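See structure below.
Residue numbers (our numbering): 1221 to 1359.
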């Protein structure tokens, strides 16, 4: 069974779009089970589904854009992740786009294979660098 991850993002102000999210999902699907709300949520109660998927996930991946902090949904997702001790991995969207999603996939695979993303870790924040993509991990 593949590791479940929850992708947190905002489409506000057009920094990200559906094509970006589809490409991200395609790049990750071989390595994990990504949940991307706008692509995967066909439920009647969409908010409940978001919370359910997040709680079932091993990691929350935050796609950082300039306006990410203004998203109430993203704030709620981060709060739910923290309450459930789900590690949060932050990726800058420009680095992801520049590198055609390869560094994010490589970083996730390398970190998971090495056991670096252990939810029971007592570290509050660590930073790893894979190629030129910095990843901040908050547990």
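Every residue, glycine too, gets a C-beta built ideally from N, C-alpha and C.
This one's a predicted model, so the numbers in the text were calculated from it and none came from an experiment.
Task: Reference residue 1225; option with closest CA among 1237, 1233, 1236, 1257 - done: Ranking the options by Cα distance to residue 1225, first place goes to 1257.
- [ ] Quickly, what does DSSP pair residue 1229 with across the bridge? List them, please.
- [x] Bridge partners of residue 1229: none, in fact.
Task: residue 1300 beta carbon less than 8 Å from that of residue 1274 - done: Yes, these two residues count as a Cβ contact at 8 Å.
Open item on the list: Assuming the contact rule is C-beta atoms closer than 8 Å, residue 1255 and residue 1283 should be a hit. Round their C-beta distance to whole Å, please.
Closed with: At roughly 13 Å, the Cβ-Cβ gap does not stay under 8 Å, so residue 1255 and residue 1283 are not in contact.
Open item on the list: Among 1231, 1229, 1297, 1239, whose alpha-carbon lies nearest the alpha-carbon of residue 1272?
Closed with: Of the candidates 1231, 1229, 1297, 1239, the one whose C-alpha sits nearest the C-alpha of residue 1272 is 1297.
Open item on the list: Distance check for residue 1236 and residue 1223, CA to CA, integer angstroms please.
Closed with: Residue 1223 and residue 1236 have their C-alpha atoms spaced approximately 24 Å apart.
Open item on the list: Could you tell me which whole beta strand (DSSP E) segments of length 3 or greater appear in the segment 1266-1312?
Closed with: Counting whole runs of 3 or more residues, the segment 1266-1312 contains the beta strand (DSSP E) stretches 1279-1284, 1308-1312.
Task: Inter-residue Cα distance where the pair is residue 1320 and residue 1242 - done: In a straight line, the C-alpha of residue 1320 is about 12 Å away from that of residue 1242.
TODO: Evaluate residue 1355 with the Cβ neighbour count: other Cβ atoms within 10 Å of its Cβ, from every protein chain shown; 16 or more gives buried, anything less gives exposed.
DONE: Model confidence at residue 1355 stands at a pLDDT of 44, short of 50, so the residue's coordinates are unreliable; what they give is reported in the following sentence. Here residue 1355 is buried. Its C-beta has 16 or more other C-beta atoms within 10 Å.
Open item on the list: What does the alpha-carbon distance come out to for the pair residue 1292 and residue 1250?
Closed with: The straight-line gap from Cα to Cα measures roughly 30 Å.
Task: Residues that residue 1251 bridges to, as DSSP identifies them - done: Partner(s): none; residue 1251 has no beta bridge.
Open item on the list: Could you give the first and the last residue of the continuous alpha helix (DSSP H) run that contains residue 1258?
Closed with: For residue 1258, the enclosing alpha helix (DSSP H) has its first and last residue at 1257-1260.
Task: C-alpha gap between residue 1338 and residue 1302, whole angstroms - done: With a pLDDT of only 47 at residue 1338, under 50, the local geometry of the prediction cannot be trusted, and no value is derived from it.
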